[in-house]
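Residue numbers (my numbering): 150 to 482.
Take a look at the structure:
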């Protein structure tokens, strides 16, 4: 399954084609179908792990999760991969935010698209309306993307989580929790608490995997307290010249991630039972990656989990879904 970044021009061309396809839509249902199909293409292109684990969600929830992914992918691409000046990135993010808020005010998805909102911003606004997702959560996500344009260091894990991870990952977990729904006898607050823990855990795993890549973007998501605790600098850590100290930092980082994975696992029964297998698969796949990172302790080499290991994390009775899902978004498990 290919995973590569599209250029800014490719994104613009993709959006133009999507707008053309949406012009014939007279109902929100039709527009959602076209938007979800396009979002499926984005998710399939950009993510292996998240694509796989979300294949086990119920059909309608899976389609909305695909819309969520597309709505967070594009702003992330603005700050991460588009070769634009900082001011240009801020302008694009503000335009996207404006599109989102304009779409929230529209009476329907079709109307928001006709008013000129970017299709995926309009698609997410539609998801937010249907599931009563507080609008400020997506604003917090966009704030985190803006932060990445001029990143700053973090002194502690608490500061990292409060100042950055809240917007970059926790609220994304909240989006998913609202879509997944709750089990009988459980409240949305319980599901949100679990989503918070899992969002932090997943983000920490991604940070640990991307240390060297983030350095190339002048970012560091390793709290300064970890360097002080072992008596080395960030530069020494990157160069790996003190391997015992580097290993200690990586293992402590992984330990914090594991703690949040365990917190999330303890409260999975708060979610709609139809979605729990997908969440468990997500924890298993990213747990495999965390374990690889912990063993490898090589911050200059981007670790990954082989396909066969990811496959082994999936529900055996549903293996057939993966190859079918690569061909069409329309299957129903």
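Backbone N, C-alpha and C define an ideal beta-carbon position, used for all residues, glycine too.
Note down the Cα distance separating residue 448 from residue 357, rounded to an integer number of angstroms.
Cα to Cα, residue 448 sits roughly 8 Å from residue 357.
Exposed unless 16 or more other CB atoms sit within 10 angstroms - verdict on residue 254:
With fewer than 16 Cβ atoms within 10 Å of its Cβ, residue 254 is classed as exposed.
Less than 8 Å separating the beta-carbons of residue 352 and residue 399?
Judged by their CB atoms, residue 352 and residue 399 are not nearer to each other than the 8 Å cut-off.
Given 8 Å as the limit, is there contact between the stretch 303-314 and the stretch 264-278, that is, 3 or more CB pairs closer than that?
Contact fails: fewer than three Cβ-Cβ distances are below 8 Å.
Nearest-angstrom Cβ-Cβ length linking residue 323 and residue 347, presumed shorter than 8 Å:
Not a contact, Cβ separation roughly 11 Å.
Where are the alpha helix (DSSP H) runs, 4 residues long or more, that stay fully inside the stretch 176-243, in chain order?
Listed in chain order, they are 177-195, 198-203 and 208-229.
Selection from 344, 166, 428 and 434 that minimises the alpha carbon distance to residue 354:
Selection 344, 166, 428 and 434 evaluated against residue 354 yields 434 as nearest (Cα-Cα).
Counted within 10 angstroms of its Cβ, other Cβ atoms place residue 161 as buried (16 or more) or exposed:
So residue 161 ends up on the exposed side.
Between which two residues does the alpha helix (DSSP H) harbouring residue 347 extend?
That run of the alpha helix (DSSP H) goes 337-358.
For a test of the three-state rule: what should DSSP assign to residue 303, helix, strand or coil?
For residue 303, the secondary structure class from DSSP, reduced to helix, strand or coil, is coil.
Mind pulling the alpha helix (DSSP H) runs of 4 or more residues that sit fully within the stretch 395-475?
Given a length threshold of 4 residues, each whole run of the alpha helix (DSSP H) inside the stretch 395-475 is given here in chain order: 422-445 and 456-461.
Of all the options 345, 233 and 389, which has the alpha carbon lying nearest to the alpha carbon of residue 361?
For residue 361, the nearest C-alpha among the options comes from 389.
Beta-carbon proximity list for residue 242, same chain, < 7 Å, skipping 5 on both sides:
If we look at residue 242 and ignore the five residues flanking it on each side, its Cβ neighbours are 224, 227, 291, 294 and 295.
If you draw a straight line from the alpha carbon of residue 376 to that of residue 382, how long is it in whole angstroms?
When rounded, the distance between both Cα atoms is 6 Å.
Could you tell me how far apart the beta carbons of residue 281 and residue 218 are, in whole angstroms, since I believe they sit closer than 8 Å?
Not quite, the Cβ-Cβ distance comes to about 20 Å (not below 8 Å), so this is no contact.
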